[in-house]
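Have a look at the structure below, then the notes.
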Amino acid sequence: EKGGYKHFMHKEIWEQPRAIADTLRGRMLLTEGDVHFDTWNLSQEQVKSFTKVTILACGTSWHSGVAGKHMIESLARLPVEVELASEFRYRDPIVEKSHLVIAISQSGETADTLGAFKEAKRLGAHTLAVCNVIGSAMTRESDLHILTNAGPEIGVASTKAFTTQLVTLYLLAVKLGRMRGTLSVEGAQEHLTHLTQVPKMIEEVLKCEPQVKRVAREFMNAQDFLFLGRGPMHPVALEGALKLKEISYIHAEGYAGGEMKHGPIALIDEKMPVVVIAPKQPHVAYEKIIGNIEEVRARGGKVIAILDEDDTQADTLADHVIRIPAACALLAPVVATIPLQLLAYHVAEMRGNDVDQPRNLAKSVTVE
Ligand code: F6R
């Protein structure tokens, strides 16, 4: 059932072009410049009346929420707050009837997310679940649910669930943008065209595996890793660090590039690998992230840069370059995540860890 792969996680990483194609199937109305969700039940009036979006999630799903914030704010011009579900429920959150509350969850059963979601519903918000499991508690509790269609995810470390969440949130951002009138038909068509290219791009980026394996071999015994990204690449940095922690048991931190000088720069020495996610995008503050690379190098740190395939500016600065096909800013997180998943996988595998069943972790966290 692992289809020739040693671990489910590896199989699921490689399944992503297919999983993302399944997420997109039947949902993109290219000629109309619109998105179709067969469960959709919100009227234009309701969508126009929303004043705020609150996203609730945990772990990897929370990271997709942070990327989703960029998408929804940019395309639908609605303010988005991304909350850790475990924090939201124990304070006195501000929830109003005009708020759209989105829970993101692979399993649809995570206790913290479900608890926070129910609380938001009780306080009168409209609730939308972005879930991978049909019939799960969250899809039952919500006013509206949208499935990510990744197929069953067995590896404890989430991979295809994350990238299909990103794509689903992008579709949702286009849908909200169209209904709110912040996105024109032509604008939506452009975004949808970008989306159609994602499965191919993932196939392309998966070819970086031999290069990633070389990096994994060089740094498999590192004590710590730092991951840096700006804008929509910030959640990618967080996700890269989480993946590595979970399965390789190497300490890793994800940081927004601009925060490096406010503390973590003190950690950098010649033993510290720093993964810098730097596709050439305006929202990613490319020049600034290149500045980060220079700061790391000046302190002897080792730089592993994730760069666009045609980037000839930064490649001379980094110790290792992993190239990814150039995507638009809001979709680059999907593409840039793939090498980080592979890095975590190969480091863990080389260290002889139980990749699919990492210590102390469970696939679905149904306790608070
Ligand atoms: C990380 C991971 C966890 C989950 C988190 C939320 O690889 O799998 O961080 O993302 O426990 O789970 P769901 O998405 O099922 O609510």
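Read left to right, the sequence shown gives residues 244 to 611 (UniProt numbering).
Ideal placement from N, C-alpha and C gives every residue a C-beta, glycine not left out.
Original post:
Does the Cβ of G351 lie closer than 8 Å to at least one heavy atom of the ligand F6R?
Top reply: At least one heavy atom of the ligand F6R is nearer than 8 Å to the Cβ of G351, so yes.
Original post:
Where DSSP assigns a beta bridge to R566, which residues make up the other side?
Top reply: Beta-bridge annotation (DSSP): R566 is paired with L550.
**OP:** State the DSSP-derived secondary structure class of H526, mapped to helix, strand or coil.
**Re:** Secondary structure at H526: helix, using DSSP grouped into helix, strand and coil.
**OP:** Please report how far the alpha carbon of I337 lies from the alpha carbon of V325, in whole angstroms.
**Re:** Whole-angstrom Cα-Cα distance: 13 Å.
**OP:** Report the rounded CA-to-CA distance for Y498 versus S348, giving the unit in angstroms.
**Re:** One alpha carbon belongs to Y498, the other to S348, and they sit about 23 Å apart.
**OP:** Would you kindly check if the distance between the Cβ of R457 and the Cβ of M593 is under 9 Å?
**Re:** Against a cut-off of 9 Å, the Cβ pair of R457 and M593 comes out as no contact.
Subject >> Endpoints, alpha helix (DSSP H) assigned at G358 >> reply: Segment A354 to R365, the alpha helix (DSSP H) holding G358.
Subject >> Supposed contact pair R423 and R320 - C-beta distance, whole angstroms, cut 8 Å >> reply: Your pair R320 and R423 checks out as a contact, with CB atoms roughly 7 Å apart and the cut at 8 Å.
Original post:
For the ligand F6R, any of its heavy atoms closer than 8 Å to the Cβ of L485?
Top reply: At least one heavy atom of the ligand F6R is nearer than 8 Å to the Cβ of L485, so yes.
Subject >> Inter-residue spacing [alpha-carbon to alpha-carbon] between A509 and M515 >> reply: Note on geometry: alpha-carbon atoms of A509 and M515 lie some 11 Å from one another.
Original post:
What are the boundary residues of the alpha helix (DSSP H) that includes P516?
Top reply: Careful: P516 lies outside any alpha helix (DSSP H), inside the beta strand (DSSP E) at P516 to I520.
Original post:
For the putative contact between P568 and E482, defined by C-beta atoms under 8 Å, what is the C-beta separation to the nearest angstrom?
Top reply: 19 Å between Cβ atoms; not a contact.
Original post:
Would you say the stretch 260-278 touches the stretch 407-422, given that touching needs at least three Cβ pairs under 8 Å?
Top reply: Taking 8 Å as the limit for Cβ pairs, the verdict is that the stretch 407-422 does touch the stretch 260-278.
Original post:
Relative to the ligand F6R, is the shortest distance from any of its heavy atoms to the C-beta of I389 smaller than 8 Å?
Top reply: For I389, the CB stays at least 8 Å from every heavy atom of the ligand F6R.
Original post:
To which residues does DSSP link K295 through a beta bridge?
Top reply: Its beta-bridge partners are H342.
Subject >> DSSP bridge partner residues for S348 (one or two, in chain order) >> reply: BP columns for S348 point to C374.
Original post:
In terms of alpha-carbon separation, which member of H253, M463, I511 and K340 lies closest to K488?
Top reply: Here the closest residue by C-alpha is M463.
Original post:
With a cut-off of 8 Å, do at least 3 Cβ pairs link the stretch 341-359 to the stretch 370-383?
Top reply: Taking 8 Å as the limit for Cβ pairs, the verdict is that the stretch 370-383 does touch the stretch 341-359.
Original post:
Is E324 helix, strand or coil by DSSP?
Top reply: If DSSP states are grouped into helix, strand and coil, E324 belongs with the strands.
Subject >> Alpha-carbon to alpha-carbon, V428 and A271 >> reply: A small fix is needed here, since residue 271 is Met in this sequence, not Ala. Cα to Cα, the separation comes out at about 12 Å.
Subject >> Straight-line gap, E255 to T282 (C-alpha atoms, nearest Å) >> reply: E255 and T282: Cα-Cα distance of roughly 26 Å.
Original post:
Which of the three DSSP states, helix, strand or coil, is assigned to G472?
Top reply: Secondary structure at G472: strand, using DSSP grouped into helix, strand and coil.
Subject >> Touch test, the stretch 384-391 against the stretch 362-375, Cβ-Cβ under 8 Å, three pairs minimum >> reply: The stretch 384-391 makes contact with the stretch 362-375; the number of CB pairs closer than 8 Å reaches 3 or more.
**OP:** Examine the ligand FMN and report whether any of its heavy atoms sits within less than 8 Å of the Cβ of K606.
**Re:** Only the ligand F6R can be found as ligands here, which leaves the ligand FMN out of the picture.
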